[in-house]
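Colleague:
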Amino acid sequence: MKDFKTLLFALTLMTLLTACGGDTTVVEDAIDPTKIEKIEGGKFKGGVLRLNSIEDYTSLFPVAINDIYSTHIAGQCYEGLFKFNQKTLEAEPCLAESFDIDNTKKVYTFHLRKGVLFHDDACFPEGKGREMNANDFKYCFEFLCSNHEENKWPTLFRDRIVGAHEYAAGTAKTVEGIKVIDNYTFELTLVDPFAGLPDLLAVLAAAVYPKEAIDKYGYEGMHNYMVGTGPFIATTLKNGENVEFLRNEKYWKKDEFGNQLPYLAKVTFSFIKTKPEELKSFQDGNLDMVWGLPVEEIPNIMASFEEALEGKNREFDLQSVNSLNIQYYGFLFTSETFSDVRVRKAFNYAIDRDSLVEFVLQGEGIPAHHGFVPPMSGYPTDAVKGFDYNPKLAAQLMKDAGFNGGKGFPEVTLHLNSSGGTNEKIAAYMQGMLKKNLGVTVNLDVIPMAELHPKAERGELDFWRFGWIADYPDPSNFLYLFHGKNIDSTKETSINYFRYYNPKFDELYEAALKEIDDKKRMELYSQCDQLLIDDAVVMPLLFNVDIRLINPEVTDFDINELEYRDLSVVYFKIENKTNVRVYDNLIEEEEQIAE
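Read in order, the letters of the sequence shown correspond to residues 550 to 1144 in the working numbering.
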């Protein structure tokens, strides 16, 4: 924080905050939220965690979210049967207190926690949130199985739960495999055994919300509104400006010492759109964490971090992890421009991924030399033969396709979001390589993610840039983007942005989903991955190495491969020492140079 001494300054005013346009009144602590007090187990309660999102959110309705920025915000309000452990990424019971599996390994019975309340909201009688029950999960899960336009996850359960296909087709009024036993007991029956079900149930799309909220605000209204059971309640939702949350004083969970969660009194999100500005805000003490660094600052930051470790510099915390996150350029398979596989392969062979990572990104990434799926435990990454830099082969492929030296090939536009400026640096480098090696002119169209994503969903873009970070740690979470069954002629949008259809891919992918032997399943996934390379569906660029800079007083905000955030366990740990940031020294050095 800008002045950490203010954390000890208490006010005695009672503040009433009105949430989301005046429909809900949330009573804040009778003290300033920046006050921090020590509680049992060496934990601390209170404080304001200040975060930033470099992109606007696209939606706050769980089943309509397909981007990490929206997930980071909506994930503070919503929760489901399971949630991921922020440290280990193991799926752990959340609103399900426990569960049983029958002898066939197909029937899961969930025993729900009692006394869990939805947030107070005007959609309920007298504005008081009611108790969550099994019927709420039935309502939400059946919507997940539907073909509704607002459901961006129609295949999450489609091949898993008995009766999901019939419900989607309109031949059944309910999903046979989704049953309410009583208010606190809920049953799912699977088509085939699937040990990864808890992971699926931990993704945000499987969160619970009340029917009353849909009835009052409609699906469209829920894009900018939240009513959940989570640890924080939204009090301000101004997309692109600021988002604020207050602690849910009625939250159901306590820690191992009996302390009420969450520890934090308040969480805020700003929307600073460039990485240098975001870093400057952290430097000035206005943010508590930065996720992703301006590439031009990486050498300075890393050098200063080494000095900090040696006691030569002031303190800050640096976290890093090899992320389950791919950066790629996509081709529209139904596009005339990219209908020839030789052209798509030429684009892939024409770019030097090693130089991109080493020089443009200052080593912040892993070149994607194999497939689309990032390296992960148990996955045979090396078995997938990807694209190396081969400009001669790239030129020959273009010639074979009838575009020798790029002659006759149309100018193309790469549509991308800025992501704080990093994506533009990558695109400018790729733009130059494609011109040099293929004679192709690529124009850049930089637009906000909130505009880019819907266009890709509707199949309006021939060539675009996206990143995809896993919702759960499994190859299927990457490969399902290419599943032919995601293309539904009755729907305008699809998660299969590429409109890729290959019966062989679908056969292998569906076989992998049913395979219970982990090694065989991974081998099937790698075969799917190889087909994507053989068909040159995308241009895999790199896998992220995520770096965070974090206020050293922020505790238990663990980094992980999914950038999954559980802010309910995060707290400020105040010690009797001077906490300062590495940037103070960087500023001094810059001033000396200027002199």
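Virtual Cβ for every residue (Gly too), placed ideally from N, Cα, C.
Report the rounded CA-to-CA distance for residue 654 versus residue 742, giving the unit in angstroms.
Modeller: Looking at the two C-alpha atoms, the distance is approximately 5 Å.
Colleague: Would you mind giving the Cβ-Cβ distance between residue 1074 and residue 1024, rounded to the nearest angstrom? I have them listed as a contact below 8 Å.
Modeller: Confirmed, Cβ separation roughly 4 Å.
Colleague: Cα-Cα, which of 876, 652, 986, 1052 is closest to residue 1027?
Modeller: Comparing Cα-Cα distances from residue 1027 to each of 876, 652, 986, 1052, the minimum goes to 876.
Colleague: In chain order, what residues of the same chain have a beta carbon less than 8 Å from the beta carbon of residue 810, not counting five sequence neighbours either side?
Modeller: 780, 800, 802, 803, 804, 1117, 1118, listed in sequence order.
Colleague: Sort 668, 750, 1009, 1069 by Cα distance to residue 1042 and report the nearest one.
Modeller: Nearest C-alpha to residue 1042: 1009.
Colleague: Pick from 806, 966, 822: whose alpha carbon is nearest that of residue 509?
Modeller: Nothing in the structure corresponds to residue 509, since the chain is present only between 550 and 1144.
Colleague: Quickly, what does DSSP pair residue 787 with across the bridge? List them, please.
Modeller: In the DSSP output, where bridge partners are listed per residue, residue 787 has 791.
Colleague: Contact between the region 884-894 and the region 942-954: three or more CB pairs below 8 Å?
Modeller: The answer is yes - the region 942-954 touches the region 884-894, with three or more Cβ pairs under 8 Å.
Colleague: So what's residue 971 in DSSP terms, helix, strand or just coil?
Modeller: Three-state result, residue 971: helix.
Colleague: Can you list, in chain order, the residues of its chain with a C-beta nearer than 7 Å to that of residue 773? Leave out the 5 residues immediately preceding and following it.
Modeller: Within the same chain, residue 773 has close Cβ partners 609, 786, 788.
Colleague: What does the alpha-carbon distance come out to for the pair residue 1032 and residue 904?
Modeller: Each residue's Cα considered, the two are about 32 Å apart.
Colleague: Going by the DSSP bridge assignment, what does residue 620 pair with across the sheet?
Modeller: According to DSSP, residue 620 bridges with nothing at all.
Colleague: Which residues in the same chain as residue 737 place their Cβ atom closer than 7 Å to its Cβ, once the five residues preceding and following it in sequence are excluded?
Modeller: Hits under 7 Å: 657, 710, 726, 727.
Colleague: Would a C-beta distance cut-off of 7 Å place residue 740 and residue 762 closer than the cut-off?
Modeller: Taking 7 Å as the Cβ cut-off, residue 740 and residue 762 do not qualify as a contacting pair.
Colleague: Please report the straight-line C-alpha distance between residue 980 and residue 888, rounded to a whole angstrom.
Modeller: If you take the alpha carbons of residue 980 and residue 888, they lie about 20 Å apart.
Colleague: Might you give, ordered along the chain, the residues of its own chain that have their beta carbon closer than 7 Å to the beta carbon of residue 847, omitting 5 neighbours on each side?
Modeller: Closer than 7 Å at the Cβ level, and outside the excluded window around residue 847, lie 911, 913.
Colleague: What alpha helix (DSSP H) runs, 4 residues minimum, are completely inside the region 886-930?
Modeller: Qualifying alpha helix (DSSP H) stretches, in chain order: 890-898.
Colleague: To which residues does DSSP link residue 681 through a beta bridge?
Modeller: None, per the DSSP bridge assignment.
Colleague: Give me, in chain order, the residues of the same chain whose beta-carbon lies closer than 6 Å to that of residue 713; leave out the 5 immediate sequence neighbours on both sides.
Modeller: Excluding positions up to five away in sequence, the list reads 694, 706, 707, 724.
Colleague: List the endpoints of the continuous beta strand (DSSP E) containing residue 1089.
Modeller: Note, residue 1089: beta strand (DSSP E), 1087-1099.
Colleague: What is the residue span of the beta strand (DSSP E) that residue 601 lies within?
Modeller: That run of the beta strand (DSSP E) goes 597-601.
Colleague: Distance, Cα to Cα, residue 808 vs residue 1122?
Modeller: About 15 Å.
Colleague: Could you check the C-alpha separation between residue 865 and residue 586 for me, to the nearest Å?
Modeller: Those two C-alpha atoms are separated by around 22 Å.
Colleague: Please report the straight-line C-alpha distance between residue 921 and residue 646, rounded to a whole angstrom.
Modeller: If you take the alpha carbons of residue 921 and residue 646, they lie about 36 Å apart.
Colleague: What's the C-alpha gap between residue 820 and residue 602?
Modeller: Spanning the two alpha carbons is a distance of roughly 5 Å.
Colleague: With DSSP as the reference, please indicate the residues paired to residue 1017 in a beta bridge.
Modeller: Residue 1017 is bridged to 875.
Colleague: Helix, strand or coil for residue 709 per DSSP?
Modeller: In this structure, residue 709 counts as coil in the three-state DSSP scheme.
Colleague: Anyone know if the C-beta pair for residue 1095 and residue 870 falls short of 7 Å?
Modeller: Yes; because the gap between Cβ atoms is below 7 Å, this pair is in contact.
Colleague: Do you know how far the Cα of residue 1047 is from the Cα of residue 929?
Modeller: Between residue 929 and residue 1047, the C-alpha separation is close to 25 Å.
Colleague: State the DSSP-derived secondary structure class of residue 1075, mapped to helix, strand or coil.
Modeller: If DSSP states are grouped into helix, strand and coil, residue 1075 belongs with the helices.
Colleague: DSSP three-state call for residue 1082: helix, strand or coil?
Modeller: Residue 1082: helix per DSSP, three-state reduction.
Colleague: According to DSSP, simplified to helix, strand and coil, what is residue 736?
Modeller: Strand at residue 736.
Colleague: Where does residue 950 fall in DSSP's three states?
Modeller: Residue state, collapsed to three classes: coil.
Colleague: Do residue 750 and residue 629 have their C-beta atoms closer together than 7 Å?
Modeller: For residue 750 and residue 629, yes; Cβs fall inside 7 Å.
Colleague: Let me check one thing: in DSSP terms, what residues is residue 648 bridge-paired to?
Modeller: In DSSP, residue 648 forms a bridge with 659.
Colleague: Should residue 1112 be labelled buried (16 or more other beta-carbon atoms within 10 Å of its own) or exposed?
Modeller: Result: buried.
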